[in-house]
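Below: one structure, written as C-alpha cells.
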Amino acid sequence: MLLKVKNEGDFLRQVLIAGNWKMNKLIDETEEFCREFLPLVEDISKVEVLICPVFTSLYPMQELFKGSKVKIGGQDAFWEPRGAYTGEISPAMLLDAGCSYVIIGHSERRQIIGESNVIVNRKIKAAMEAGLNPILCVGETLQERENQRALEVVKEQLTESLQDIDLGEKPLVVAYEPVWAIGTGVNASSDDAREMTGFIRKHLARLYNEEIAAATRILYGGSVKEDNIRDFLAEEDVDGALVGGASLKANSFARIIRAGEDG
Ligand code: PGA
26 MLLKVKNEGD FLRQVLIAGN WKMNKLIDET EEFCREFLPL VEDISKVEVL
76 ICPVFTSLYP MQELFKGSKV KIGGQDAFWE PRGAYTGEIS PAMLLDAGCS
126 YVIIGHSERR QIIGESNVIV NRKIKAAMEA GLNPILCVGE TLQERENQRA
176 LEVVKEQLTE SLQDIDLGEK PLVVAYEPVW AIGTGVNASS DDAREMTGFI
226 RKHLARLYNE EIAAATRILY GGSVKEDNIR DFLAEEDVDG ALVGGASLKA
276 NSFARIIRAG EDG
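All residue numbers for the sequence shown refer to our numbering, where the first residue is 26 and numbers rise by one.
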C-alpha cells in the first residue's frame, strides 16, 4: 500500500517510519516495549513501520512481532558474509534473525567509529546482495553547515557511498540526518529539510535517472517528535522519518506513526 503521491509521473512512495534504538534496551525492556506497542499500531495500514533495536533484541523482537506488520532491522552490518571478523555481523545473519532492513553509515558510526564512504559503500553492496534493504544515512556536521558546505558534503556522501551500486532492481532508502540535529532536541527547520531532500533527489537523478530518483524514499532524521513530524511529512521530498530518542517509548513512537497514517 502506497501513501505519498508525487506529481511527477505519479510516483508512489509509501511512508516509512523507522525507529533507531541505538545502544538502548535489554531484552526484558524490548519485550515490554513490544507488548505495549503492538496494540497501539495494529490498525496502521498506510505507513510502513520499522524498528532497529540492538542485535541481542532482534530475535526476541521478531518472535513478538510475528503476525504483525511491524518490521525489524539491524543498525549496521559488515560486508563479508562470514569468517574471522571478531565483533562483526553479516547481512545474512540479520536476515536469519528476521530483519528486512539495515541502517548503514549512521553519523554516529561515521563520527565515533570512523566509517568512511568507502566502507559504507561496501556495506551497502553486501546488504543488497544478501537481500536486505539498506537505509543509507547522510548528513552534514554543524561546522560543515556553518561553512556553507552542507550540500557539497551530502553530495559526496551519496556519490561515494553509491559508487558501482545498481539501484535498478530495488529502490533505496536514504536518510538525511544533519549531525547537529541528532539527539540534540534541535531539529532542522522545514526549509532546511526541504532544501536538502530536494537536493538529494536531484543528485540521485544525476547519478542514476529520474525514475530511480523518484522511487527512492528519503527520510528525515534528527530530533523527530510527535510535535514536528507533520511538518516534515508535509514536505514533498520527505517520505518518512528515522527516529532515535522518541522511538524508545511505545506511546510517543506510536503517535509519530499515527501522524503519518492520518497525514
Ligand atoms: P534522534 O536520533 O531522533 O534521537 O535525534 C535520530 C537518529 O540518530 O537516527
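Beta carbons: idealized from backbone N, C-alpha and C, even for Gly. All values derive from a computational prediction rather than experimental measurement.
Counted within 10 angstroms of its Cβ, other Cβ atoms place residue i as buried (16 or more) or exposed
i	result
residue 28	Confidence is the limiting factor: at residue 28 the pLDDT is only 46, short of 50, which leaves the residue's position unreliable, though a coordinate-based value still follows. Classification for residue 28: buried.
residue 64	exposed
residue 234	exposed
residue 204	buried
residue 86	buried
residue 106	exposed
residue 41	buried
residue 135	buried
The beta strand (DSSP E) enclosing residue i, as first and last residue numbers
i	result
residue 128	124-129
residue 24	Nothing about residue 24 can be read from this structure; the chain reaches only from 26 to 288.
residue 267	265-268
N-terminal and C-terminal residue of the alpha helix (DSSP H) that residue i is part of
i	result
residue 64	52-66
residue 175	175-186
residue 225	215-232
residue 84	80-90
residue 206	Careful: residue 206 lies outside any alpha helix (DSSP H) and carries neither H nor E.
Distance cut-off 7 Å: residue i Cβ against heavy atoms of the ligand PGA
i	result
residue 49	no
residue 247	yes
residue 138	no
residue 202	yes
residue 5	Since the first and last residues shown for the chain are 26 and 288, residue 5 lies out of range.
residue 267	yes
residue 228	no
residue 208	yes
residue 164	no
residue 270	yes
residue 45	yes
Identity of the residues DSSP links to residue i by a beta bridge
i	result
residue 24	There is simply no residue 24 to check, as the chain begins at 26 and stops at 288 in what is shown.
residue 74	42
residue 96	75
residue 198	160 and 242
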